[in-house]
Structures are given as structure tokens and as C-alpha cells.
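Trainee:
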Ligand SMILES: [Zn+2]
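Numbering (my numbering), first residue to last: -19 to 416.
#1: So for residue 54, helix, strand or coil by DSSP?
#2: What's the gap between the Cα of residue 333 and the Cα of residue 370?
#3: In terms of residue numbering, what span does the alpha helix (DSSP H) encompassing residue 92 cover?
#4: What are the boundary residues of the alpha helix (DSSP H) that residue 381 is part of?
#5: Between which two residues does the alpha helix (DSSP H) holding residue 223 run?
#6: Given a threshold of 16 other Cβ atoms within 10 Å of its Cβ, counted over all protein chains shown, does residue 414 qualify as buried or as exposed?
#7: In angstroms, rounded to a whole number, what distance separates the CA positions of residue 61 and residue 203?
#8: Which residue spans inside the segment 337 to 377 form an unbroken beta strand (DSSP E) run of at least 3?
#9: Once the 5 residues before and after residue 278 are set aside, which same chain residues still bring their CB inside 8 Å of it?
#10: Closest Cβ-Cβ distance between residue 217 and chain C: below 9 Å?
#11: Considering just the uninterrupted stretch of the alpha helix (DSSP H) at residue 158, what are its terminal residues?
#12: Residue 5 and residue 374: beta carbons closer than 9 Å?
#13: Can you tell me whether residue 240 is helix, strand or coil according to DSSP?
#14: Unbroken alpha helix (DSSP H) runs of length 4 or more, entirely within the segment 169 to 215: which are they?
#15: So, with DSSP's three-state summary, where would you put residue 67?
#16: What is the rounded straight-line gap between the Cα of residue 215 and the Cα of residue 242?
#17: Using the Cα positions of residue 335 and residue 206, report the straight-line distance between them to the nearest angstrom.
#18: Tell me the rounded alpha-carbon separation between residue 86 and residue -1.
#19: Return the Cβ separation of residue 97 and residue 403 in integer angstroms, given the expectation that the two are a contact with Cβ distance under 8 Å.
#20: Please name the residue, chosen from 339, 108 and 393, that lies closest to residue 163 on a Cα-to-Cα basis.
#21: Kindly indicate the opening and closing residues of the alpha helix (DSSP H) around residue 18.
#22: Nearest-angstrom Cα distance between residue 275 and residue 284?
#23: Hey, residue 7 and residue 218: beta-carbon distance below 9 Å or not?
#24: Between 309, 236 and 358, which lies nearest to residue 324 when the distance is taken from Cα to Cα?
#25: At a cut-off of 8 Å, is residue 123 close to ligand 1 when judged by its beta-carbon and the heavy atoms of the ligand?
#26: Residue 44 to residue 125, Cα distance in whole Å?
#27: Which stretch, first to last residue, makes up the beta strand (DSSP E) that contains residue 319?
#28: Is it right to say residue 33 is buried, meaning 16 or more other beta carbons lie within 10 angstroms of its own, or is it exposed?
#29: Along the chain, where does the beta strand (DSSP E) containing residue 44 start, and where does it finish?
#30: Rounded C-beta distance between residue 211 and residue 129? I'm assuming under 8 Å.
#31: Can you give me the C-alpha to C-alpha distance between residue 112 and residue 47, rounded to a whole angstrom?
#32: Give, in chain order, every unbroken run of the alpha helix (DSSP H) that is at least 4 residues long and sits entirely within the segment 253 to 312.
#33: Excluding the 5 residues preceding and the 5 following residue 42 in the sequence, name in chain order all residues of the same chain whose CB lies nearer than 6 Å to its CB.
#34: Tell me whether residue 268 is buried or exposed, calling it buried when 16 or more other Cβ atoms sit within 10 Å of its Cβ.
#35: With 16 as the cutoff for other CB atoms within 10 Å, does residue 222 come out buried or exposed?
#36: Quick one: residues in its chain with C-beta nearer than 8 Å to the C-beta of residue 360, no 5 flanking neighbours on either side, listed in chain order?
This is how it looks when you write it as C-alpha cells:
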């Protein structure tokens, strides 16, 4: 057992110190945060190393040794944050001000909070002298917010032995408290990425001589065809459990029933609401036009126009298959296609020892909270680790309202002190149950 007073002050000090290091990516400069974490752990007698993939881009890896009879558990988070629009914030986003029971600042929900909780869980495991069967590895990476090239991908390519584990606990999950109802959505899958750039060619000329071959008009048609296409609903076990559970909790919109979505063949159409958009994205592949460029002058019809589409694909479909679908939708002969970024979706089984431990720990701490699987519509570092055979779960042990979740990547991001304390206790419990 650990008591709140044993670690609360220290947790807040570590956490607020981390928030105060500006790791906005770009440029990142995570090495300062990596050194800070290394210093904290080494004072505790836990060996840690900073790996710099390129100057300024640092990740930190530490290890608390077990007896080696079981394979390691990796506690993962990332050090970088997304940039801020400072003038829209009501506080300095890098001051980590403590106000109304909350710590405010960029990274307080994504995801320096988890970094700090994992650091404290590791320190407490050491101080309590837990008899570990598994090594506990802690890694806090650079560059997650920009795709992981200088963080997790570099670590996997250059120092995989340092982070190799049977299981990983990472960000990507979602703990919700809404009208007294509580649930932790534990991420066990994430959608893949296929970013496609299209160059649509046509007939250029003088703006005073309209032509149906005008590539600006063709681009408009292409965008409409993609936007109007509805991908079929895919019935996969994760989304079925996710939606059935969310319905029981009353988190689905009025009148929406999971059985109807999967059963009647009606499918589901997003009503544009916060939850509606998510349900839509959980159920199917999506293709979203996001960038348009072309033309130089108002009286000149250009020869070509570029349109880029952000496609997100369910696990099991390759990015190249998505490209073929998009080509079919476009249906024009003179278009060049380029895949700007590709990453297949990934999935970890829900039938594992760690899944059971996470569920049990939640039940002990929050008996009324539901434990449900989650499919991320965006990507995290877990996608790359799953490719290497690591079972990864996005288990964020905090319970946050929708309103507060909306501050992630937005303005006035903040987390309550109570959530930081409870989350740390929960992670310690998980480590104790799973690694001893
Ligand atoms: Zn994140």
C-alpha cells in the first residue's frame, strides 16, 4: 500500500518541473526534459540513459531490474508537446501554475502527466523494495507528436534492446467521468495512416475562356466525390465491445443503439457532434481532404492542382489498398498519386495477463467504473512497438470530463491534482500486481 502523503508533494514537483521545460514540437528540444528525468531517477539509484537521435532530440530510458524470471514491462510516454497559441491561454502555458486544484499547462493531459505518474510509480516500486519478477523499463520519447522519427522509431532502429519488453503501457486510452458515470477506455488498437497527395492535371489557359478541363473545377469534383463517399461499417470485436459498453453508460447520443449500428445494415452517419464524429471514425475507414493548392493568378487557369487527403484505415487493411479505393473514387485519367506517409493500423489482443490486471486494478480503485477496449483514430508510439511484437495498451489512469479532454492540443490544458495522485496509485498497483 502507498499513501497519498508519501508521494503527493514529490509527484507535483516532478510533474510541474516537466511542464516548465518547453518541448513544443517543432522544434522539440526534448533533450532538456530527458536529462531532467534522468537526474530524478539517478538520484533514486535507478540507472537511466539519454539517447540523442539528432542534436536536441533526446529520449530517456531507465530500468529497474527484476529477477529476470518474467519478461519486462515498459512504461512509456513522450516528452514533446504540440505548440501553443499563447495569446489565447488564460495562464502561461509553461509556468505549471497550480490553481483551483488543477495544474495548468501544455502537456498536462498529453502526456507529461503520465510521464510523471510513471516516474513516481517506478520510484515507489524501488523504495518499497518490490520483489520484481519482471524488469520495469521506463521510456519517455521525443517526437511522438510529429510521427516518432526522432523518438520511438529511432530507438527501435538503433537501441531496441534497451526498450524491448513483452508488454507496454502507453498513452492513447481515455478515462471519462461524465454525469457521475465513469469509464476507462483502454486502447488496444489504433487506425493506420495513408496520406495521399494527388496532382490533378487539366487544360490551362486564359480565365476568360472557361473550359470543363479546368483542373480547379476537376479538383472540386474530386473533393466532392471523396467527401460524399461513405465507407462501409466494419464489425470488429473492439468497436462492438466499445459501443455496447458506451451505450450502457449512456455515452452514446440519444436514440443511437449499438445493435442497430451493426445489425440493421443501416450503418451510421455522423451528426457532427463530439461523440458522433468519434463513432463514425471508429466504425470505418475515413478519407478527409485537407490540403488544396494550385493556381497563380486570378485570370489564369492553371495546368494542375494538388489535393491531399488524410486517410485513416482500420487495422487489417494496407495503405496501398486504400490508395486503390481513392483512385476509384477520383475516377479521372490524368491524376498522379503519391503516398506521403503510410503506417498500417495495429492491434493487441484483449486476452492477455496484463489486460486482466488492468481491469482488476481499476475495479479495486473505482468499483463502479467500466473497463472498455478502445480504438484510437490517431496514431501513437504503440503502433511501432506492436510491429515489433510488443503487446501495447493505452491505459491512461485518469478520469477526466469531456470538457477537459477538449483542451488537449487546445487552450488551457489542465489536470486536477486528485487525478494525478489517483493515477499514480493506480499505476503503482498495476506494477505491483503485474511485476511481482
Ligand atoms: Zn500524446
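A virtual CB, placed ideally from N, CA and C, is assigned to each residue, including glycine.
Mentor: This is what the structure gives:
#1: Counting from one through the chain shown, the residue named residue 54 turns up at place 74. Correct three-state label for residue 54: strand.
#2: Here residue 333 is taken as the residue at index 353 of the chain shown, counted from 1. Here residue 370 is taken as the residue at index 390 of the chain shown, counted from 1. Rounded to whole angstroms, residue 333 to residue 370 spans 13 Å at the Cα level.
#3: The residue you call residue 92 lines up with position 112 of the chain shown. 92 to 107 is the span of the alpha helix (DSSP H), which, as asked, contains residue 92.
#4: The residue you call residue 381 lines up with position 401 of the chain shown. No alpha helix (DSSP H) contains residue 381, which DSSP labels as neither H nor E.
#5: Residue numbering aside, residue 223 sits at position 243 when the chain shown is read from its first letter. First-last of the alpha helix (DSSP H) with residue 223: 217 to 228.
#6: Numbered from its first residue, the chain shown carries residue 414 at position 434. Answer is buried; the Cβ neighbour count reaches 16.
#7: What you label residue 61 is simply residue 81 of the chain shown in a count that begins at 1. What you label residue 203 is simply residue 223 of the chain shown in a count that begins at 1. If you take the alpha carbons of residue 61 and residue 203, they lie about 32 Å apart.
#8: 350 to 356 and 371 to 374
#9: The residue you call residue 278 lines up with position 298 of the chain shown. Contacts found: 187.
#10: The displayed structure is made up of one protein chain only, and chain C is not part of it.
#11: Sequence index remark: in the chain shown, residue 158 carries index 178 (1-based). Premise fails: residue 158 lies in the beta strand (DSSP E), 154 to 158, not in any alpha helix (DSSP H).
#12: Mapped onto the chain shown, residue 5 falls at position 25. Mapped onto the chain shown, residue 374 falls at position 394. The answer is no: Cβ separation not under 9 Å.
#13: The sequence position of residue 240 within the chain shown is 260, counting from 1. The answer is helix: DSSP assigns residue 240 an H, G or I state.
#14: 195 to 208
#15: On the chain shown, position 87 is the one that residue 67 refers to. In this structure, residue 67 counts as helix in the three-state DSSP scheme.
#16: Here residue 215 refers to the residue found at position 235 when the chain shown is read from its first residue. Here residue 242 refers to the residue found at position 262 when the chain shown is read from its first residue. If you draw a straight line from the Cα of residue 215 to the Cα of residue 242, it comes to about 6 Å.
#17: To locate residue 335, count along the chain shown from 1; it is residue 355. To locate residue 206, count along the chain shown from 1; it is residue 226. For residue 335 and residue 206, the distance between alpha carbons rounds to 38 Å.
#18: On the chain shown, position 106 is the one that residue 86 refers to. On the chain shown, position 19 is the one that residue -1 refers to. Cα to Cα, residue 86 sits roughly 7 Å from residue -1.
#19: By one-based count along the chain shown, residue 97 stands at place 117. By one-based count along the chain shown, residue 403 stands at place 423. Confirmed, about 5 Å.
#20: For the purposes of this step, residue 163 is identified with residue 183 of the chain shown, where counting begins at 1. Comparing Cα-Cα distances from residue 163 to each of 339, 108 and 393, the minimum goes to 339.
#21: Taking the first residue of the chain shown as position 1, residue 18 is located at position 38. For residue 18, the enclosing alpha helix (DSSP H) starts and ends at 11 to 23.
#22: In the chain shown, the residue the question calls residue 275 occupies position 295. In the chain shown, the residue the question calls residue 284 occupies position 304. Computed Cα separation, rounded: 8 Å.
#23: Within the chain shown, residue 7 is the residue found at index 27, counting from 1. Within the chain shown, residue 218 is the residue found at index 238, counting from 1. Going by C-beta atoms, residue 7 is not nearer than 9 Å to residue 218.
#24: Mapped onto the chain shown, residue 324 falls at position 344. Nearest option by C-alpha distance: 358.
#25: Taking the first residue of the chain shown as 1, we reach residue 123 at position 143. For ligand 1, not one heavy atom lies less than 8 Å from the Cβ of residue 123.
#26: Taking the chain shown and counting its residues from 1, one reaches residue 44 at position 64. Taking the chain shown and counting its residues from 1, one reaches residue 125 at position 145. If you take the alpha carbons of residue 44 and residue 125, they lie about 27 Å apart.
#27: By 1-based counting over the chain shown, the position of residue 319 is 339. From DSSP, the beta strand (DSSP E) with residue 319 extends over 315 to 323.
#28: Walking along the chain shown from the start, residue 33 turns up at place 53. Counting Cβ neighbours within 10 Å, residue 33 comes out buried, since at least 16 surround it.
#29: For the purposes of this step, residue 44 is taken as residue 64 along the chain shown, with counting starting at 1. Per DSSP, residue 44 belongs to the beta strand (DSSP E) from 37 to 44.
#30: Reading the chain shown from its first residue, position 231 is the one you call residue 211. Reading the chain shown from its first residue, position 149 is the one you call residue 129. At roughly 29 Å, the Cβ-Cβ gap does not stay under 8 Å, so residue 211 and residue 129 are not in contact.
#31: The sequence position of residue 112 within the chain shown is 132, counting from 1. The sequence position of residue 47 within the chain shown is 67, counting from 1. Computed Cα separation, rounded: 6 Å.
#32: 254 to 263 and 299 to 310
#33: Within the chain shown, residue 42 is the residue found at index 62, counting from 1. The residues are 21, 26, 28 and 118.
#34: The count along the chain shown starts at 1 and reaches residue 268 at position 288. Label assigned to residue 268: exposed.
#35: Taking the chain shown and counting its residues from 1, the one referred to as residue 222 is at position 242. In summary, residue 222 is buried, with 16 or more beta-carbon neighbours lying within 10 Å of its beta-carbon over all protein chains present.
#36: Mapped onto the chain shown, residue 360 falls at position 380. The residues 124, 150, 151, 152, 167, 170 and 374, in chain order, have a CB closer than 8 Å to that of residue 360 in the same chain once the five nearest residues on each side in sequence are set aside.
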